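When we follow our numbering, the leftmost residue of the sequence shown carries the number 4, and every step to the right adds one. A virtual CB, placed ideally from N, CA and C, is assigned to each residue, including glycine. Fair warning: this is a prediction, and the values are worked out from it, not measured in the lab. Right, one structure below, let's go through it.
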Amino acid sequence: MMTILLEINRLAREYNGRCIFKDLNLQVAAGEKIGLIGGNGAGKSTLLKIIAGREKPTEGVVKLHLPPEQVGYLPQELRIPEGLTVGALATRWPPGVSEPGETAVFKLLSELGFTRSDYNKPVAALSGGERSRLCLGCVLGRSSRLLLLDEPANHLDNQGLAWLEQHLREYSGAVLIVSHDRYLLDQTVGRILELDRGLLRSFPGCYSDFARIKEVENRARWNAYHEYQRQRKKILSAVNRKKQWARQAAAASSSRTPYLAARAKRADRVVKSLQRRLERLEAQAPEKPWEHRRLRLELPAGAKTGTRIIHAEELGYAFGDKVLWENASFTIFAGEAAVLIGPNGAGKTTLLRLIRGELEPVQGRLTIAPAVQAGYLGQDEPDLDRELSPLEAVIKAGETDQGAARQLLGALLFRGDQVYQKIATLSGGEKKRLAFATLLAGGANLLLLDEPTNHLDIESREAVEAALDSFTGTILAVSHDRYFLHRLSDRVLALEHGKLLNYPGSYGEFVESRQRSKSGATDDVLVLENRLAYLSGRLDELARNSSPEALEERERINREFLVISRKLQELR
Numbered sequence: 004m005m006t007i008l009l010e011i012n013r014l015a016r017e018y019n020g021r022c023i024f025k026d027l028n029l030q031v032a033a034g035e036k037i038g039l040i041g042g043n044g045a046g047k048s049t050l051l052k053i054i055a056g057r058e059k060p061t062e063g064v065v066k067l068h069l070p071p072e073q074v075g076y077l078p079q080e081l082r083i084p085e086g087l088t089v090g091a092l093a094t095r096w097p098p099g100v101s102e103p104g105e106t107a108v109f110k111l112l113s114e115l116g117f118t119r120s121d122y123n124k125p126v127a128a129l130s131g132g133e134r135s136r137l138c139l140g141c142v143l144g145r146s147s148r149l150l151l152l153d154e155p156a157n158h159l160d161n162q163g164l165a166w167l168e169q170h171l172r173e174y175s176g177a178v179l180i181v182s183h184d185r186y187l188l189d190q191t192v193g194r195i196l197e198l199d200r201g202l203l204r205s206f207p208g209c210y211s212d213f214a215r216i217k218e219v220e221n222r223a224r225w226n227a228y229h230e231y232q233r234q235r236k237k238i239l240s241a242v243n244r245k246k247q248w249a250r251q252a253a254a255a256s257s258s259r260t261p262y263l264a265a266r267a268k269r270a271d272r273v274v275k276s277l278q279r280r281l282e283r284l285e286a287q288a289p290e291k292p293w294e295h296r297r298l299r300l301e302l303p304a305g306a307k308t309g310t311r312i313i314h315a316e317e318l319g320y321a322f323g324d325k326v327l328w329e330n331a332s333f334t335i336f337a338g339e340a341a342v343l344i345g346p347n348g349a350g351k352t353t354l355l356r357l358i359r360g361e362l363e364p365v366q367g368r369l370t371i372a373p374a375v376q377a378g379y380l381g382q383d384e385p386d387l388d389r390e391l392s393p394l395e396a397v398i399k400a401g402e403t404d405q406g407a408a409r410q411l412l413g414a415l416l417f418r419g420d421q422v423y424q425k426i427a428t429l430s431g432g433e434k435k436r437l438a439f440a441t442l443l444a445g446g447a448n449l450l451l452l453d454e455p456t457n458h459l460d461i462e463s464r465e466a467v468e469a470a471l472d473s474f475t476g477t478i479l480a481v482s483h484d485r486y487f488l489h490r491l492s493d494r495v496l497a498l499e500h501g502k503l504l505n506y507p508g509s510y511g512e513f514v515e516s517r518q519r520s521k522s523g524a525t526d527d528v529l530v531l532e533n534r535l536a537y538l539s540g541r542l543d544e545l546a547r548n549s550s551p552e553a554l555e556e557r558e559r560i561n562r563e564f565l566v567i568s569r570k571l572q573e574l575r
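What follows is the structure, given as structure tokens:
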């Protein structure tokens with residue numbers, strides 16, 4: 004028999020008279036792993052706060068069948084006591100736990116990359132990502148039987164995400180996790196809760212299972228809607244025919260033609276019967292499902308497929324004495340979707356700044372094709388005119404007509420009168436979607452994107468991915484969103500240990516190659532292949548130069564080319 008740890012009965016929460024959710028019912032059993040999803044503002048964080056005892060419900064009951072100190076809670080907005088060191092926080096936070104479990108906490112902090120020397124650092128001196136990892140280790144290291152995690156993947160790089168997934172899979176207690184990271188939900192949970200328009204629904208399986216069920220439901224809704232439209236059209240057509248026949252019969256009838264008069268009366272009765280039938284049909288009319296519009300984005304004339312858009316030769320960059328990377332060589336061709344990955348602090352955003360011309364490399368050459376019109380979307384809140392509406396902003400960005408602007412906004416989930424709201428009233432996620440719409444409207448043929456899915460809910464992420472799918476230009480995106488990486492990549496640039504690995508394939512293929520790798524041999528192969536690609540390009544350039552210096556360099560490069568080729572044969 005299952006042991007129930009948590010029961011929620013008829014739970015409701017209102018803010019200033021606005022209903023966030025109502026009549027929520029839920030049971031969580033020991034050992035269950037559950038993902039809680041929903042749009043921004045749906046009430047997911049509020050629900051976790053109520054379960055954790057941080058907020059009171061408007062109505063309903065939360066029953067915990069375990070001591071409160073055995074519930075671990077990681078809020079999305081971390082409130083860390085001021086003036087503490089890392090080590091002091093690890094023994095005191097979160098408050099209210101009966102068993103500090105310092106040994107387990109410090110073990111997890113070590114796994115999350117903290118060293119013994121870090122324990123004396125002030126928490127205030129840590130980066131956002133380091134604070135997230137610190138609090139995650141503190142919560143997960145306690146003796147909890149139920150974990151409530153609100154966006155635990157925020158600020159984690161791919162290495163941190165892989166660690167979190169493994170830890171949650173091995174964790175024996177129950178977990179209720181709010182996350183927009185679809186890959187994390189696929190890897191860790193066995194049930195999905197969807198909080199949508201104030202109602203809570205439960206679905207068996209991981210996120211991908213949920214998505215398949217929702218797709219089937221959406222097709223069924225469309226079938227029901229089309230059947231309603233067919234029936235309505237059929238009844239209206241019959242009503243119009245009967246009305247027309249009745250009018251004609253009434254006009255032709257007289258005292259000498261009582262038959263036609265009787266037929267006209269019968270037709271009138273049939274019309275009234277059909278109208279009642281139509282009223283009953285419309286009283287049960289299904290709501291028209293939301294249809295995601297497929298975009299086709301027309302680009303300005305420019306680079307064609309096969310053209311080198313970005314070309315780097317032995318690129319290097321450093322901040323003072325700290326070398327971020329060196330000897331990085333790669334080419335991104337027109338029409339490619341390249342993704343740039345690596346741990347926090349590896350220099351991914353810096354590389355985007357180099358490509359944008361904001362910084363100069365300290366080593367090597369970086370060439371951008373002259374036909375490139377680059378558009379950029381960064382991690383910070385977008386700089387938008389707060390007094391404009393979304394429709395006005397898109398029209399202004401692209402000098403486009405209202406119809407095209409509305410189509411683009413619709414594809415990015417701006418519905419109905421939302422296109423006329425002031426930008427100042429939009430949420431953070433809505434502003435990011437709008438910034439993306441203005442970027443696409445601007446006619447760029449190269450998109451430079453720095454964490455484009457950050458702070459977006461799942462529906463918004465999928466809308467952005469669909470829009471990028473339709474983009475025929477070139478993309479270079481920094482991202483930790485593995486669903487995004489799997490869907491859109493056909494080249495991977497990985498910054499690791501001061502080197503750049505250039506993998507000509509999808510993110511999925513890149514991950515598979517790394518998993519097959521033993522003792523880092525694949526990394527060595529990629530580094531050597533990058534070097535060969537650079538040497539080959541340099542030989543092509545020197546072939547057109549007959550000077551003694553060029554001949555001497557060609558001989559040196561040929562010797563190096565031969566040595567590297569032999570090393571590659573050994574590694575393969």
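C-alpha distance - residue i paired with residue j, whole-angstrom precision
i    : j    : result
R95  : D153 : 20 Å
Q1   : F513 : For residue 1 there is no data in the structure shown, the boundaries of the chain being 4 and 575.
G345 : S509 : 15 Å
P303 : I358 : Below a pLDDT of 50, predicted positions are generally treated as unreliable, and P303, at 47, falls in that range; the measurement from the model is reported next regardless. Approximately 20 Å between the Cα atoms of the pair.
T439 : Y122 : The residue asked about is misnamed: residue 439 is Phe in this sequence, not Thr. When rounded, the distance between both Cα atoms is 41 Å.
E220 : V375 : 43 Å
A427 : D453 : 23 Å
L443 : D472 : 12 Å
S430 : R547 : 57 Å
I313 : F474 : 18 Å
E552 : A536 : 22 Å
S182 : V142 : 17 Å
R235 : Y228 : 10 Å
L343 : A156 : 19 Å
Cutoff 8 Å; reference residue i; Cβ partners in own chain excluding five residues on either side
i    : result
H68  : T6, I7, L8, L9, E10
I238 : L277, R280, L281, L284
I560 : L538, R541, L542, L545
Endpoints, beta strand (DSSP E) assigned at residue i
i    : result
D153 : 149-153
E10  : 7-18
A497 : 494-499
C138 : Taken as a continuous stretch (DSSP letters only), C138 belongs to no beta strand (DSSP E), being part of the alpha helix (DSSP H) at 131-143.
Reference residue i; option with closest CA among the options
i    : options                : result
C138 : V192, Q79, Q424        : Q79
G511 : R224, N505, D493       : D493
P109 : E133, G131, G140, S120 : Going by the sequence as given, residue 109 is Phe instead of Pro. Nearest C-alpha to F109: G140.
L77  : V178, R16, S113, K25   : V178
V242 : V273, A214, H229       : V273
F322 : L354, V342, I313       : L354
L164 : L498, S482, R519       : S482
R490 : R185, G378, S550, L450 : R185
G208 : R200, L202, K217, P289 : K217
K268 : Q287, R119, Q247       : Q247
N12  : K25, G20, N19          : K25
K570 : A15, L531, K291        : L531
S146 : F213, G176, R172, T118 : G176
K66  : T370, L14, E556        : L14
Own chain partners of residue i with C-beta closer than 6 Å, once the 5 adjacent residues on each side are dropped
i    : result
N533 : S332, N505
Q30  : I7, E10
G193 : K36
G144 : G104, A107, V108, L111
I83  : V126
S205 : L196
Same chain only: Cβ atoms within 7 Å of residue i, ignoring 5 sequence neighbours per side
i    : result
H158 : G131, G132, S135
N43  : S430, G432, D460
P289 : R224, A227, Y228, Y231
H458 : G431, G432, K435
N-terminal and C-terminal residue of the alpha helix (DSSP H) that residue i is part of
i    : result
G406 : 405-414
L488 : 485-491
S516 : 510-519
V467 : 461-472
E168 : 161-173
Cβ-heavy atom distance, residue i to the ligand SAH, below 7 Å
i    : result
L545 : With respect to small molecules bound, the structure shown includes none, and the ligand SAH cannot be examined in it.
Beta carbon proximity, residue i to chain C, threshold 8 Å
i    : result
I180 : As a matter of chain content, chain C is missing from the structure shown, which is built from one protein chain.
Can you find at least 3 beta carbon pairs, one from the region 166-174 and one from the region 465-477, that sit closer than 8 Å?
-> no
For the region 333-353 and the region 404-417, state whether three or more C-beta atom pairs, one from each stretch, are separated by less than 8 Å.
-> no
Can you find at least 3 beta carbon pairs, one from the region 84-91 and one from the region 51-68, that sit closer than 8 Å?
-> no
Is there contact here, the region 306-326 with the region 363-372, by at least three beta-carbon pairs under 8 Å?
-> yes
Answer yes if the region 429-439 comes into contact with the region 377-394, meaning at least three C-beta pairs across the two stretches below 8 Å, and no otherwise.
-> yes
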